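> Residue numbering for the sequence shown follows my numbering, beginning at 758 and increasing consecutively.
For every residue, glycine included, the Cβ atom is placed at its ideal position computed from N, Cα and C.
Being a predicted model, the structure only gives us computed values, none of them experimental.
One structure follows; several queries about it will come next.
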Amino acid sequence: MDNTITGILDKANYFVEKVIDEYQDILMNELNNNIFNLSNIKIIATPFQMEQLALHNYYDNKIEDILSKINIPDMKLESNYDIKQLYDLLIENVLSEIKTNLCKYNKTLIHLGLYNLASYMAELHGRINMIFNNKFEIPNIDKMNTKEFYILKLIELAKIYNNNLSIVSAIIGTDKVIIQHMFSILPTIKFQNSKTISMNGIKEVYKLVYILTRLISEKDLVTSKFIRDNIVEIKDNKIVLSKEMIKNIRNLNTDMLINERTVDTDYITDDILAKLDRGLQKGVGFSIYTLKRYISNINKSIKDGDLSTLVDRRVLLTSISNDTGCSLEEASNVIEYLSIEEYENNDVKKSVDRLNKRLFESPLVELNISGYKQYLLSYPLLIYSYEVLWKKLVYNLISECKTYNSEFIDKQIKNELVKNIKKIIDSKGILGYDNIKKFYVEIEGKRKEINLNREIDVLWVKDNTLYLVECKDIYYKFTGLGFKNDIYSAIKYINIIKKNEKELLGDKKKYIEKLFETEIFSIKPILVYRRPNAIMNSNIDKRGVDTYTIQEFKKLIIKEL
758 MDNTITGILD
768 KANYFVEKVI
778 DEYQDILMNE
788 LNNNIFNLSN
798 IKIIATPFQM
808 EQLALHNYYD
818 NKIEDILSKI
828 NIPDMKLESN
838 YDIKQLYDLL
848 IENVLSEIKT
858 NLCKYNKTLI
868 HLGLYNLASY
878 MAELHGRINM
888 IFNNKFEIPN
898 IDKMNTKEFY
908 ILKLIELAKI
918 YNNNLSIVSA
928 IIGTDKVIIQ
938 HMFSILPTIK
948 FQNSKTISMN
958 GIKEVYKLVY
968 ILTRLISEKD
978 LVTSKFIRDN
988 IVEIKDNKIV
998 LSKEMIKNIR
1008 NLNTDMLINE
1018 RTVDTDYITD
1028 DILAKLDRGL
1038 QKGVGFSIYT
1048 LKRYISNINK
1058 SIKDGDLSTL
1068 VDRRVLLTSI
1078 SNDTGCSLEE
1088 ASNVIEYLSI
1098 EEYENNDVKK
1108 SVDRLNKRLF
1118 ESPLVELNIS
1128 GYKQYLLSYP
1138 LLIYSYEVLW
1148 KKLVYNLISE
1158 CKTYNSEFID
1168 KQIKNELVKN
1178 IKKIIDSKGI
1188 LGYDNIKKFY
1198 VEIEGKRKEI
1208 NLNREIDVLW
1218 VKDNTLYLVE
1228 CKDIYYKFTG
1238 LGFKNDIYSA
1248 IKYINIIKKN
1258 EKELLGDKKK
1268 YIEKLFETEI
1278 FSIKPILVYR
1288 RPNAIMNSNI
1298 DKRGVDTYTI
1308 QEFKKLIIKE
1318 L
């Protein structure tokens, strides 16, 4: 390897160690402040000095500092326009401070430091999830990094004493958002390429990016239809949200993070995945099984002993082809799909969800080091990107594959949810119909065909009440933008249900009564999701439509029927 690159890597190794060390301090502090101090749990003694402030305290202090400097008087903001103006002002101030701090440093070292931190996060978070799933036993302290040992012990205690799954999930989820947003900011910075690195400066940037991402997420939520008549108040240089909003946000995060772990994915059989994979191959030019073979190969041609490796494209191309048996063309398509795109005009004032590619799903990063083009490769990040690819494939979120997979997903995957509900109805001995758009009734001795305007997923009658069910199998994201989009999509589905309700209680009512051979006095419209949806914790007007996860719905139906 070129001496220049070797020299940079030697310096980077020390920097990476320090970055990870600082992150471990932040994570231990967050666990301590957000779980143990709040729960009055006596934590294990650690040889490390904990900081006094949690990240949310830094957020409060920074907002207070900015508002006091701008000298904004106390006021109540009731219009979305005014609320957006406030948040945009704060976002601009924090982003400017981030760029001012980062531009002093060496661009390559920053890239290497943050990339390796992301790789470490993927590895550590994997162990944390395994602890919650009882699949990981913490080694003796002399066999692992001391700080990581205490982090995992804190996680173990969190599970034993209070099962703080949602809080831990929220903390590590926030970590991923922070590092991905930091990476998206880098192309927008004109680096001075100084040879010195201030670790305190990097730690401060991490906290500032936390503040930035929280402001962006909060802006998305408070300007959505999450609650009605929302008011944001500025009081004593602080942002004060309504108690109702704070309660709903807390419940939303808790419920969704807990329920996410209970979602059954066994319905995605090998045959279904193989069918979807054919659409993936047509859309992006490679198989999901190729990526799986590459990350699971025990005799990798590019060794995975370190958090990351620098490798040129030719070596990476050959490695993927040789390790998986795929063609060079397919290997090239893997690289192209998994390479993060760096745009100088990244709109970093908006949620990182809006970017086409993000670090944890596109973990190959091309760097130009002293004229040499090299790829950063991380196996922990590749493993995570495989999991993201699997979810995006199953939930039809890959735009290039929609032409090939949409119809199959509607008929097979979403319909499995419909069949699941129909099976419950059948088990109760109740007459019900699924995927009903056309049916026949006998009128004055003649068979008459009845056509509905829209297909209804599940329909049945119990005690003269018509149950009208619409099923949705949608993947969501734990961000303000993700929750906001959830709510808007749910409103759209509610409108569809109300149109169905109007038709069934209107000119089609007599035919529905004929179909079920009973009078109908009322209707119960229901929207069922496989996974939790933000609409469930929102108090917006659902127009009489009940919303449930499939788990909640099963309990309800078993009780009611």
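Note the first and the last residue of the continuous alpha helix (DSSP H) segment covering S1279.
Run containing S1279: none in the alpha helix (DSSP H); it sits in the beta strand (DSSP E), S1279 to Y1286.
> Would you call the CB atoms of L1284 and K1229 closer than 8 Å?
yes
> Where does A927 land, buried or exposed, given buried means 16+ other C-beta within 10 angstroms?
buried
> If you run the structure through DSSP and keep just helix, strand and coil, what is F772?
Reduced to three states, the DSSP call for F772 is helix.
> So, helix, strand or coil for F1196, using DSSP?
Under the three-state reduction of DSSP output, F1196 falls in the strand class.
> Less than 8 Å between the CB atoms is what I'm expecting for K1195 and I1207, so what's the real figure, rounded?
7 Å
> Which of helix, strand or coil does DSSP assign to I1061?
Just to set this straight, residue 1061 is Asp in the shown sequence, not Ile. Residue state, collapsed to three classes: coil.
> In the DSSP assignment, what are the bridge partners of I996?
I991
> Looking at the structure shown, is S836 part of a helix, part of a strand, or coil, going by DSSP?
coil
> Report yes or no: do the stretch 815–831 and the stretch 779–795 share at least 3 C-beta pairs separated by less than 8 Å?
no
> Nearest CA to the CA of L1209: which residue from L1262, Y838 and L1030?
Selected option, being the one with the closest Cα: L1262.
> Could you check the C-alpha separation between K947 and W1147 for me, to the nearest Å?
A direct Cα-to-Cα measurement between K947 and W1147 gives close to 36 Å.
> Decide if F772 is buried, meaning its Cβ has at least 16 other Cβ atoms within 10 Å, or exposed.
Around the beta-carbon of F772, 16 or more other beta-carbon atoms lie within 10 Å, marking it buried.
> Is D1298 helix, strand or coil when you go by DSSP?
DSSP places D1298 in coil when its eight states are reduced to three.
> Sort K775, K1057, I1292 and V1041 by Cα distance to L869 and report the nearest one.
Per the Cα distances, K775.
> Alpha carbon to alpha carbon, how far is L859 from E961? Give it in angstroms, no decimals.
10 Å
> So for V925, helix, strand or coil by DSSP?
helix
> Can you tell me which of E1098, Q1308, V1122 and K964 puts its alpha carbon nearest to the alpha carbon of K1114?
Among E1098, Q1308, V1122 and K964, the Cα nearest to that of K1114 belongs to E1098.
> Less than 8 Å between C-beta atoms, sequence neighbours within five positions excluded: which residues of the same chain meet that for K1176?
D1191
> Please report the residue range of the beta strand (DSSP E) in which R1211 lies.
K1203 to K1219
> Going by DSSP in three states, G1189 sits in which element: helix, strand or coil?
strand
> Three-state secondary structure (DSSP) at S1096?
Looking at S1096 - three-state DSSP - the assignment turns out to be strand.
> Return the first residue and the last residue of the beta strand (DSSP E) that D1303 is part of.
D1303 to T1306
> Given 8 Å as the limit, is there contact between the stretch 1034–1054 and the stretch 1120–1134, that is, 3 or more CB pairs closer than that?
no
> Roughly how many whole angstroms lie between the Cα atoms of I1251 and G1301?
9 Å
> Quick one: what's T1066 bridged to in DSSP?
L1134
> Among the residues of its own chain, which have a CB less than 6 Å from the CB of I924, if the five just before and after it don't count?
N791 and I792
> Taking just the CA atoms, how far does L1074 sit from V1091?
9 Å
> Helix, strand or coil, according to DSSP, for E1164 in the structure here?
helix
> Residues in its own chain within less than 7 Å of Y1268 by CB, not counting five upstream and five downstream?
V1198 and I1207
> Counting only the same chain and skipping the five closest in sequence on each side, list residues whose C-beta sits under 6 Å from that of K1205.
V1198
> For L1112, which of helix, strand or coil comes out of DSSP?
coil
> With DSSP as the reference, label E1309 as helix, strand or coil.
It is helical.
> Out of T931, S999 and K916, state which residue places its alpha-carbon closest to the alpha-carbon of N987.
S999
> Quick check on L1225: buried or exposed, where buried means 16 or more other Cβ atoms within 10 Å of its Cβ?
buried
> Write down the C-beta distance between I1319 and P1282 rounded to the nearest angstrom, noting that I regard them as a contact closer than 8 Å.
Summary: the structure shown does not reach residue 1319, with the chain confined to residues 758 through 1318, and so no result is reported for it.
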